[in-house]
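Residue numbers (my numbering), protein chains in the order written: chain A, -17 to 96; chain B, 11 to 184.
Structure representation (C-alpha cells):
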C-alpha cells in the first residue's frame, strides 16, 4: 500500500516508478509525449481527473477520490459559545475583545485623533 | 493611560445609524458580519457594501458627510470633495472617523454583484438597529478572493462555523 501523496504529479510519478516504467514508456502507452508526462509529474501542468485516471489505468491502477474532514486546527469552542448568543450580542462581544487587544498591546493607538 | 483609553472602540451605532437614517442601501460585510454569524475573530473596522445607483450614492454621500469621514492615510491638506460624483468615480474607500475605521465597498472582490450579495443577506439586529448582514457563504467568497494570510485563516474558521451552524440546526430540527 502506498502512502498518500500531495499532488497529481507526485501520485503519477510514484505509480509509474513502482511499475518500472520510464516517462517515455508511459507516454507511448498514452499516445502523448515524454515532455507532457514530465510536465504533469513536475506539477507544471495540472491534469484533469479524467486524464489522471486514464494514465493510472495505463499503469494498471485506479484513481480513488475521497473527501475527508479538513483538519484546519480551528478550535470551534469560542464559536459554539457565540452561537448561544443573539447576533447583536456576538458583535458586542467581538468588538469588546478587539478593545481588549487594543488596550493590551503596549498602549499603541492605531487610530489618529480626529 | 492606555488601559483607560476606550476612545478607540469601534462604535457601530453612529456609523451604521447614519446610513440607516439616510436610507442608504447597504449590506454589512467583513469582520463585523463575521461576528454576527458567530466568528471569534476580533475586528477593528466596519465595512459595508453599497448599491451604486445614483440615488443611493447621493444618500451615501450625505450620510458620510454627517459622519465626518476622512480618507484614511491621506494628508490633511488633500482636497477631497465628498459627493455622489466622487463616489461614482471610485468604488472602494477607507475612512477614518471619530467612531472608528469605516470602509465602503462598491466593488466587492469575490462577489458577482451587489444585488446578489443583497439578495442573500439577512436582516439582523446589531447596534440597536436592523441591518442587512452578508451571508456566511458570501463572506467566505470575499475572504477567499482577498487571500491574505489572515483571510485564509478566516476562510477556515468560516467554513468550520458554517458546518457548526448546520449541525446545530440539524440537532434543533430533530
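Heads up, the beta-carbon is just placed ideally off N, CA and C, and yes, glycines get one too.
DSSP, read as helix, strand or coil, puts residue 104(B) in strand. Selection 169(B), 84(B), 128(B), 180(B) evaluated against residue 58(B) yields 128(B) as nearest (Cα-Cα). Residue 177(B) does not reach chain A, its nearest Cβ partner there being about 10 Å away, counting only Cβ pairs nearer than 9 Å. Here the segment 116 to 131 of chain B makes contact with the segment 139 to 159 of chain B; the two share three or more CB pairs at distances below 8 Å. Residue 81(A) has a beta carbon lying within less than 9 Å of a beta carbon in chain B. Against chain B, a Cβ distance below 7 Å from residue 62(A) picks out 174. For residue 60(B), the secondary structure class from DSSP, reduced to helix, strand or coil, is strand. Taking a contact to require three or more Cβ pairs closer than 8 Å, the segment 38 to 47 of chain B and the segment 64 to 81 of chain A qualify as touching. Using a Cβ-Cβ cut-off of 9 Å, residue 180(B) does not count as an interface residue toward chain A, since no Cβ of chain A sits closer than that to its own. Any Cβ of chain B closer than 9 Å to the Cβ of residue 54(A) would place that residue at the interface, and such an atom is present. Within the same chain, 167 come within 8 Å of residue 50(B) by CB-CB distance, once the 5 residues on both sides are set aside. The DSSP-derived three-state label of residue 78(B) is coil.
Between residue 174(B) and residue 65(A) a beta carbon distance of about 7 Å is seen, short of the 8 Å cut, so the two are scored as contacting.
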